[in-house]
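Enquirer: Residue numbers (my numbering): 7 to 490.
Please read through the structure below; I'll follow up with questions.
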């Protein structure tokens, strides 16, 4: 099968045009706060002009059919090109003058990881910080899904792109047409973002801080406008609002849609959602008792800090209200293990995902039954329905490859001179798109001290994690490039 390179280039140009427009949308904040506008303005123009030029040169294409391979290539090239051009505001403004650091910060935004190299966030111009938050919001649901909604207008089918980019095992279609699915997803995404912004403003946040934190909460990204992250706001109300929306952002958007429609029975009957909810509540209560007995800060405060950190790590948001590495050592181990959990498939969260863990455990227990009854047909069931064996094999392969990449990443980054805890935390948090890790990249530190090689390695891991491994790894398979 031949690649439709002309269509791939045209689509990449379209993505860059949209990227440039989003940059220009940050200008009102620079103007309002009396900051220089040339960095965002020039970056937006360069990106939009370059994108529109390559789109114009490749717009006339005889074949408008988008093959599955084309979809995978567009997604990877789209994320990389947006990250390269998304670095321009940092470089031109001088807030991050080094390209390696600027690219790291940008791809950390688009992949909703939240790992940062900025040592003094509050000193950065407000317009640039808004762009930083916006990169996470764009990457949260995926700009690919946004553009899929307009592909039919251009005469191009978008199912291949949606499958390549959408998180989880497979999208649960709310309506038959992919255009309608994408529109509904973005309607929910935008509606929740605006709702959180209003609630945060009621809690005393300024409009600027509220919109930034709403953008990065719904993206499960975790970039904050404050050096101390959410710990800056000593407000139970604000923290509980953010907990709620982090949890919603980590919920399958199809389930959220059913909730808005009042179909609560359908929501609770979903096995992944029940497991996700149970894990969050059970762990939060257990950890709260240990924190309360150790620190004596009052049970409500202990429960709130525990719940906040559990939800933040499970949903791969990465906000911080407390340094969980300063708690009991075994609690640090629990939070490290949570970095491999992930929230729901079909959400903006990263990680392995609850549904994969559910299928993995079910298949493991059923394997013992199969050993006792080798002639019996015992399928894995999810939500009362038998799961296709191909999906089970896919889950097993995904988890195995995920752990293999994690181990390889720890081995490679150890050559940069970081200690073992830092190596474990940096790789786990990058691959899981979480943000804070362990050691010198823990909740109260950042990634500024990591070597250039380490930052490029972690950037690659962020992309792998955001695009669910296979989308990127397929490009390294020689058979992917064969023409047949």
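By construction, the Cβ of each residue, glycine as well, lies at the ideal position given by its N, Cα and C atoms.
1. For residue 181 and residue 267, what's the separation of their Cα atoms in angstroms?
2. Distance, Cα to Cα, residue 30 vs residue 481?
3. What residues match up with residue 388 in a beta bridge as DSSP calls it?
4. Taking Cβ positions, are residue 228 and residue 441 nearer each other than 7 Å?
5. So is residue 387 buried or exposed if we call it buried at 16+ other beta carbons inside 10 Å?
6. Buried or exposed for residue 383, going by 16 or more other Cβ atoms inside 10 Å?
7. Tell me whether residue 85 is buried or exposed, calling it buried when 16 or more other Cβ atoms sit within 10 Å of its Cβ.
8. Which whole-angstrom value is the C-beta distance of residue 249 and residue 317, which I expect to be below 8 Å?
9. Closest by CA to residue 45, which one among 101, 81 and 14?
10. Can you give me the C-alpha to C-alpha distance between residue 311 and residue 328, rounded to a whole angstrom?
11. With respect to 6 Å, is the separation between the Cβ of residue 76 and the closest non-hydrogen atom of the ligand FMN below this value?
12. How big is the Cα-Cα spacing for residue 399 and residue 369?
13. Have a look at residue 233 and residue 126 and give me their C-alpha separation to the nearest angstrom.
14. So, do the segment 423-431 and the segment 358-366 have three or more beta carbon pairs nearer to each other than 8 Å?
15. Exposed or buried, residue 389, counting other C-beta atoms within 10 Å across all chains shown (16 or more means buried)?
16. Is residue 202 near residue 223, with beta carbons less than 7 Å apart?
17. Between the Cα of residue 293 and those of 344, 259 and 252, spot the shortest distance and give me the residue it belongs to.
18. Are residue 132 and residue 35 closer than 7 Å when you measure CB to CB?
19. Please state whether the Cβ-Cβ distance between residue 422 and residue 381 is less than 7 Å.
20. Is there at least one Cβ from chain D nearer than 7 Å to residue 117's Cβ?
21. As a quick exercise: from 468, 403, 283 and 402, pick the residue whose alpha carbon is nearest that of residue 415.
22. Put residue 159 into one of helix, strand or coil per three-state DSSP.
23. Going by DSSP in three states, residue 491 sits in which element: helix, strand or coil?
24. I'd like to know if the segment 347-360 and the segment 240-260 are in contact, where contact means that at least 3 CB-CB pairs between them fall below 8 Å.
25. From residue 142 to residue 270, what distance separates their C-alpha atoms?
26. Going by beta carbon distance, what residues of the same chain come within less than 8 Å of residue 194, once the five residues before and after it are set aside?
27. In angstroms, rounded to a whole number, what distance separates the CA positions of residue 219 and residue 443?
28. Could you give the C-beta distance for residue 465 and residue 105, rounded to a whole number, given that I count them as a contact under 8 Å?
29. Nearest by alpha-carbon distance to residue 122: which of 448, 320 and 53 is it?
30. Measure the beta-carbon distance from residue 460 to residue 419 and round it to whole angstroms, keeping in mind my assumption that it falls under 8 Å.
31. Apart from the five residues on each side of it in sequence, which residues of its chain come closer than 8 Å, Cβ to Cβ, to residue 27?
32. On a Cα-Cα basis, can you pick out the residue from 90, 196, 315 and 275 that is closest to residue 253?
33. Measure the Cβ-Cβ separation of residue 439 and residue 119 and say whether it is below 7 Å.
34. How big is the Cα-Cα spacing for residue 179 and residue 473?
35. Beta-carbon within less than 8 Å of residue 393's beta-carbon, same chain only, minus the 5 sequence neighbours each way: which residues are those?
36. Return yes when the Cβ of residue 137 is within less than 7 Å of the Cβ of residue 32, no when it is not.
Expert: Straight from the coordinates:
1. Reliability fails at residue 181, whose pLDDT of 46 lies under 50, so the model's placement of it is uncertain and no value is given.
2. Between the alpha carbons of residue 30 and residue 481 lies a distance of about 33 Å.
3. 391
4. yes
5. exposed
6. Residue 383 is exposed by the Cβ-count criterion.
7. buried
8. The pair is a contact, with the Cβ atoms about 5 Å apart (cut-off 8 Å).
9. 101
10. 6 Å
11. With respect to small molecules bound, the structure shown includes none, and the ligand FMN cannot be examined in it.
12. 10 Å
13. 6 Å
14. no
15. exposed
16. yes
17. 344
18. yes
19. no
20. The structure shown contains no chain D; it is built from a single protein chain.
21. 468
22. Low per-residue confidence applies at residue 159: pLDDT is 45, beneath 50, and the placement is therefore not dependable enough to give any value.
23. There is no way to answer for residue 491, as the model of the chain reaches only from 7 to 490.
24. yes
25. Residue 142 and residue 270 have their C-alpha atoms spaced approximately 30 Å apart.
26. If we look at residue 194 and ignore the five residues flanking it on each side, its Cβ neighbours are 259, 262, 263 and 266.
27. About 20 Å.
28. Residue 465 to residue 105, Cβ: 12 Å. No contact.
29. 448
30. 5 Å
31. 50 and 54
32. If we check each option's Cα against that of residue 253, 315 comes out closest.
33. Cβ distance < 7 Å, so residue 439 and residue 119 count as in contact.
34. With a pLDDT of only 47 at residue 179, under 50, the local geometry of the prediction cannot be trusted, and the value read off the model is given with reservation. The straight-line gap separating the alpha-carbon atoms of residue 179 and residue 473 is approximately 19 Å.
35. 365, 385, 386 and 387
36. yes
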